[in-house]
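With positions in the sequence shown counted from 1, the corresponding number in this note's numbering is that position plus 5. In this text, a Cβ means the ideal position worked out from N, Cα and C, and glycines have one as well. One structure is given below, encoded as structure tokens.
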Amino acid sequence: MMRNVLGCLLVALAVVLWVAVGARTQTKPPRQEVKLVVRADDIGSSHAANLACIQSYREGIARSVEVMVPCPWFNEAAKMLRDNPGYDVGVHLTLTSEWENYKWGPLTQAPSLVDEQGHFFPMTSQRAGFPPRTGFLECGWKIAEVEKELRAQIELAKKAIPQVSHLSSHMGTPTCTPELRTLVQKLADEYKLPVETPGAQHFRWPADSKATAAQREAALVQALEDLRPGVWILVEHPGLDTPEMQAQGHQGYWEVASHRDGVTKAFTSAKVKEVIRRRGIQLVSYRDLWPAK
């Protein structure tokens with residue numbers, strides 16, 4: 006009899022404890038995570054961009070970087086990235102050369118993709134006020150030449166940089182039509198280099214190209230304070246305010262050096278890193294977000 010009573014008491018106590026633990030769990034919902042991919046674009050485009058993109062990783066918050074393979078400073082970028090194997094790398098598929106005083110062209114023979122000097126066209130589409138024949142879409146591109154060129158860029162990047170993990174689109178040009186998007190997706194599947202990160206939202210940083218470095222830093226701090234739970238991607242272009250980068254620009258955008266130097270300062274800012282630490286924001290790369298295959 007005593008054993009039966011004792012057994013009943015133990016069962017009752019277990020039920021009470023289970024209910025109490027359940028009640029506490031209900032009053033304290035699990036912490037919602039904030040994950041952020043900070044992506045540094047255009048490494049390889051210039052020496053200043055190379056230095057700034059590496060600094061944004063080693064001293065700052067960037068975790069993924071996009072390399073422009075056809076550009077003159079690709080070889081230096083590839084060496085820097087081999088020296089920083091933890092930096093997640095995307096092939097920034099390139100079909101445009103936007104700056105007025107500084108140009109690059111394709112790795113392959115591609116007559117439909119270049120201007121009279123053999124350079125990529127500056128813009129994705131013809132812009133009002135720009136010289137004629139400066140838009141890729143209006144200049145008679147051929148899909149076979151696009152495919153050959155993008156393959157060459159992917160294969161050189163994979164050969165030179167061991168940690169290449171994904172593809173991205175410089176200025177949106179390689180994915181600006183349904184036919185081009187289909188091509189890029191085919192290449193992504195073939196080379197096992199994803200293009201998009203499922204479920205991620207683009208994080209908008211409210212600071213225009215004419216903002217000072219201090220304004221840019223303050224805007225990023227506030228945006229991070231307001232960031233809601235979820236998976237986010239922040240895309241920007243680190244640079245340095247050097248004579249090399251001061252010479253880069255095009256109609257409507259000549260503050261490239263000061264703008265991109267401000268990006269680098271914000272990406273390496275102690276105030277920015279403190280908000281990320283205090284809020285428990287997880288800095289991740291593209292590679293971190295894809296399911297293991």
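Item: Using the three-state DSSP reduction, which class does A45 fall into: helix, strand or coil?; Value: strand
Item: Just how far apart, CA to CA, sit P167 and C144?; Value: 35 Å
Item: Spatial neighbours of S130 within its chain, please: CB distance less than 6 Å, with the 5 preceding and 5 following residues excluded, ordered by chain position.; Value: G140 and L142
Item: If we ignore side chains and look at the alpha-carbon of each, how far apart do K108 and R284 end up?; Value: 42 Å
Item: Please list the segments of the alpha helix (DSSP H) lying wholly inside the stretch 208–244, counting only runs of 4 or more residues, in order along the chain.; Value: 218–231
Item: Does the distance from the C-beta atom of A193 to that of P211 stay below 8 Å?; Value: no
Item: Between the stretch 75–82 and the stretch 261–276, do at least 3 Cβ pairs fall closer than 8 Å?; Value: no
Item: Under the rule that 16 or more other beta-carbon atoms within 10 Å means buried, what is E121, buried or exposed?; Value: exposed
Item: For L323 versus P111, is the C-beta spacing smaller than 8 Å?; Value: Since the first residue shown for the chain is 6 and the last is 298, residue 323 is missing from the structure and cannot be characterised.
Item: Below 8 Å, how does it come out for the stretch 175–191 and the stretch 235–252: are there three or more Cβ pairs, yes or no?; Value: no
Item: Could you tell me whether the Cβ of M128 comes closer than 8 Å to any Cβ of chain C?; Value: The structure shown contains no chain C, having only a single protein chain.
Item: By how many angstroms is the C-alpha of H171 removed from the C-alpha of Q60?; Value: 21 Å
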